[in-house]
Amino acid sequence: MRKNILSTAIAEKPYLLDELTYETECVLAILRTINDVSDPHTKSYLVDASELICSRLFEKLQHNERIENGDN
């Protein structure tokens, strides 16, 4: 029961701009690095990491938009 209350409290709170900015900077740093990497496994890992971060970032932006629109 306690977990549900905590999840609800987090769900109603918007993500902070600093957190979103940090994740965006991480993706940009990865993308700048990809062309310099010659190992295909490392390059694949970097692409996967950037996709994962972008997916989470997009979910957070959608979450903030729902809060702004009052669609909790």
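For the sequence shown, our numbering gives the first residue as 23, with consecutive numbering after it. Cβ coordinates follow ideal geometry from the N, Cα and C atoms, glycine included.
Distance, Cα to Cα, residue i vs residue j?
{"i": "Gly-92", "j": "Asn-86", "result": "10 Å"}
{"i": "Glu-90", "j": "Asp-58", "result": "40 Å"}
{"i": "Ser-77", "j": "Ile-52", "result": "15 Å"}
{"i": "Lys-82", "j": "Leu-68", "result": "21 Å"}
{"i": "Arg-54", "j": "Leu-42", "result": "19 Å"}
{"i": "Lys-35", "j": "His-63", "result": "38 Å"}
{"i": "Leu-38", "j": "Leu-74", "result": "19 Å"}
{"i": "Arg-88", "j": "Asp-40", "result": "19 Å"}
Taking only beta-carbon positions, decide if residue i is within less than 7 Å of chain B.
{"i": "Val-49", "result": "Of the chains in the structure shown, none is chain B; there is only one protein chain."}
Does the Cβ of residue i have 16 or more other Cβ atoms within 10 Å, making it buried, or fewer, making it exposed?
{"i": "Ile-11", "result": "There is simply no residue 11 to check, as the chain begins at 23 and stops at 94 in what is shown."}
{"i": "Ser-29", "result": "Its pLDDT being 48, under 50, Ser-29 is placed unreliably by the model, and the measurement read from it follows with that caveat. Ser-29 should be labelled exposed."}
With distances taken from CA atoms, which of the options is nearest residue i?
{"i": "Asp-70", "options": "Gln-84, Leu-42, Val-49, Ser-60", "result": "Val-49"}
What is the C-beta distance between residue i and residue j, in whole angstroms, given that I count them as a contact (C-beta under 8 Å)?
{"i": "Leu-79", "j": "Glu-45", "result": "5 Å"}
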